[in-house]
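Undergrad:
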Amino acid sequence: MFLWGTATAAYQIEGAVREDGRGVSIWDTFAHEPGRTRDGHTGDVACDHYHRWREDVALMSGLGVNAYRFSISWPRIQPHGVVNTKGLDFYERLVDALLEAGIQPVPTLFHWDLPQPLQDRGGWMNREISEIFAEYAATVADRLADRVPLWITLNEPFVHMAYGYALGLHAPGQALLTDALPAAHHQLLAHGMAVQALRAAGARQVALTNNCTPVWPASQREPDLKAAAAYDTLHNRLFNDPVLLGKYPDLSLYTPTLDFLQDGDLDTISTPLDALGINYYNPTRIAAPATEGLPFTDAGITGYPTTAFGWPVVPDGLRELLTGLKTRYGTALPPILITENGCSTGDTTTIEDQARIAFLEGHIQAMRAAMAEGVDVRGYFVWSLLDNFEWAEGYHQRFGLVHVDFETQRRTPRASYAWLREFLERQNTDT
Ligand code: GBH
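Letter by letter, the sequence shown follows residues 3 to 433 of my numbering.
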């Protein structure tokens with residue numbers, strides 16, 4: 003059964019940050035620091051999903067999806083080391099309600115909300131966090147693996163490393179530029195250890211979600227080609243090669259030594275997966291570096307429509323990305339799940355989101371074109387079910403199929419929700 007779903011993440015929708023024993027996460031800390039998010043917005047309340055999850059499950063039932071990708075808040079489960087069973091109870095209630103509604107739960111164990119006590123020990127710069135993540139994964143699977151067939155370990159370790167540890171735009175707000183590579187390695191190690199822990203606890207299928215981007219050189223001149231290859235290495239290959247091939251790409255442009263790498267790590271990291279999750283938003287155009295520092299510059303893409311966020315809308319980039327992965331990894335590429343794809347409509351409260359309908363239609367078509375070219379895609383999840391806390395942008399970028407009034411918490415399905423519902427109905431009658 004092809005999975006058609008919507009996606010969300012804990013800190014972006016749940017709120018209830020001090021309830022039922024939840025601990026503090028790095029996003030609570032970061033969002034409350036002055037100047038970190040637009041207008042100082044935080045996820046303190048967000049969509050209040052922690053209290054309104056029944057209504058949100060009903061919205062998904064009405065939409066007709068057969069899967070839901072959400073994330074589990076690590077600080078609800080391990081607020082400071084010891085297991086908080088009330089956190090597990092919440093996700094158990096959610097999972098049972100989803101199953102009751104015929105919707106397959108697809109939990110992600112880490113979508114950027116690291117428990118603050120683990121950050122105080124260095125966060126992902128500290129190798130010990132990997133093992134703690136595997137323990138946390140096993141704790142959740144012990145409770146839910148009998149009902150949850152498919153698990154995702156991490157969401158977008160590239161963005162977490164780049165924005166959180168290299169550029170300082172996301173929590174934990176470190177700006178170490180190229181010294182952030184250990185944060186990539188320790189996330190990957192955590193992923194591999196968690197795959198093993200999840201399987202030992204009875205999980206049937208395990209995946210990792212990477213966000214990947216097709217990289218377009220700004221010209222066919224040698225310096226631009228070289229820079230594009232360097233960016234492809236950092237954004238895509240750093241996170242796909244070790245998982246799928248058991249080795250790192252050449253990182254010499256970024257680091258003189260891989261001193262964080264220990265014997266056996268790559269075997270752990272390359273533990274076979276049942277699926278690879280891909281989040282796709284847009285391609286990236288790269289030129290030779292303008293200044294010292296990084297070996298590339300983002301040249302920007304022109305000549306395409308843009309989303310309210312300013313991101314270029316390039317549906318065929320999804321086909322290009324998927325066929326490119328197949329060419330690069332061949333038989334080492336597991337089945338693919340598109341675990342996120344979607345666009346924002348900015349600050350507007352509009353319900354008539356024709357741009358989102360066009361975006362989704364175009365990208366689903368591009369996914370199907372890749373499938374016709376032999377890429378094994380097993381699912382597609384729209385980001386997002388609800389307008390939600392869009393990280394550093396706060397509530398200013400709205401990605402929802404469902405509009406949320408953040409004063410009243412009233413949910414209003416948009417035109418794209420009705421469109422997707424009809425689209426999914428047609429799938430059922432066609433097959
Ligand atoms: C995802 O990250 C996250 O998983 C999710 O939590 C988030 O809400 C969602 O996307 C929407 O942001 O400057 O034009 O080159 C997406 C990572 C990184 C993808 C920035 C687009 C920049 C586009 N994004 N990237 S551009």
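Beta carbons: idealized from backbone N, C-alpha and C, even for Gly.
As a quick exercise: from Thr347, Ser346, Gln356 and Gln367, pick the residue whose alpha carbon is nearest that of Gly319.
TA: Checked all of Thr347, Ser346, Gln356 and Gln367; the closest Cα to Gly319 is Gln367.
Undergrad: CB-CB under 6 Å to Asp41, same chain, minus the five flanking residues each way: which ones, in chain order?
TA: If we look at Asp41 and ignore the five residues flanking it on each side, its Cβ neighbours are Gly396.
Undergrad: Please classify Phe4: is it buried, with 16 or more other beta-carbons within 10 angstroms of its beta-carbon, or exposed?
TA: The residue is exposed, with fewer than 16 neighbouring Cβ atoms inside 10 Å.
Undergrad: Using a Cβ-Cβ cut-off of 7 Å (strictly less than) and excluding sequence neighbours within five positions of Ala147, which residues of its own chain qualify?
TA: These residues qualify, in order along the chain: Ala203, Gly204 and Ala205.
Undergrad: Here's a check: name, in chain order, each residue in its chain whose Cβ is nearer than 8 Å to the Cβ of Gly104, leaving out the five neighbours to either side.
TA: Excluding positions up to five away in sequence, the list reads Ser63 and Asn68.
Undergrad: With respect to the alpha helix (DSSP H) encompassing Tyr233, which residues constitute its N-terminal and C-terminal limits?
TA: Glu224 to Asp234 is the extent of the alpha helix (DSSP H) around Tyr233.
Undergrad: Looking at the structure shown, is Asn390 part of a helix, part of a strand, or coil, going by DSSP?
TA: Asn390 falls in the coil class under three-state DSSP.
Undergrad: In angstroms, rounded to a whole number, what distance separates the CA positions of Gln207 and Val150?
TA: Looking at the two C-alpha atoms, the distance is approximately 9 Å.
Undergrad: Looking at Val161 and Trp218, is the spacing between their C-beta atoms short of 9 Å?
TA: No.
Undergrad: Which word fits Asp300, buried or exposed, when buried means at least 16 other C-beta atoms lie within 10 angstroms of its C-beta?
TA: Label assigned to Asp300: exposed.
Undergrad: Can you give the Cα-Cα distance for Tyr282 and Asp144, rounded to whole angstroms?
TA: Those two C-alpha atoms are separated by around 31 Å.
Undergrad: Name the residue from Ala290, Trp393, Val142 and Ile303 whose alpha carbon lies nearest to the alpha carbon of Ser75.
TA: Residue Val142 is the option with its Cα nearest to Ser75.
Undergrad: Could you tell me the alpha carbon to alpha carbon distance between Ser221 and Leu179, rounded to whole angstroms?
TA: Distance between the alpha carbons of Ser221 and Leu179 is about 26 Å.
Undergrad: Near Tyr419, what residues of its chain come up, given a Cβ to Cβ distance below 7 Å and the 5 sequence neighbours on each side ignored?
TA: The residues are Leu65, Leu403 and Val404.
Undergrad: Run through the stretch 294 to 366 for me and flag every whole alpha helix (DSSP H) of 4 or more residues, listed as ranges in chain order.
TA: Listed in chain order, they are 318 to 331.
Undergrad: Give the secondary structure of Leu260 by DSSP, where H, G and I count as helix, E and B as strand, and everything else as coil.
TA: In the structure shown, Leu260 sits in coil (DSSP, three-state: anything other than H, G, I, E or B).
Undergrad: Report whether the distance from the Cβ of Asp300 to the nearest heavy atom of ligand 1 is below 8 Å.
TA: Yes, the beta carbon of Asp300 sits closer than 8 Å to at least one heavy atom of ligand 1.
Undergrad: According to the Cβ coordinates, are Ala185 and Ala136 closer than 9 Å?
TA: Not closer than 9 Å, so no.
Undergrad: How many whole angstroms separate the CB atoms of Ala12 and Arg71, which I take to be in contact at a CB cut-off of 8 Å?
TA: Going by Cβ atoms, the distance from Ala12 to Arg71 rounds to 12 Å, so no, they are not a contact pair.
Undergrad: Kindly indicate which residue of Ala310, Thr309, Thr308 and Leu339 has the alpha-carbon position closest to the one of Leu323.
TA: Taking only the C-alpha atoms, the option nearest Leu323 is Leu339.
Undergrad: Looking only at its chain, what residues have a beta carbon closer than 6 Å to the beta carbon of Pro119, apart from the 5 residues adjacent to it on each side?
TA: Closer than 6 Å at the Cβ level, and outside the excluded window around Pro119, lie His82.
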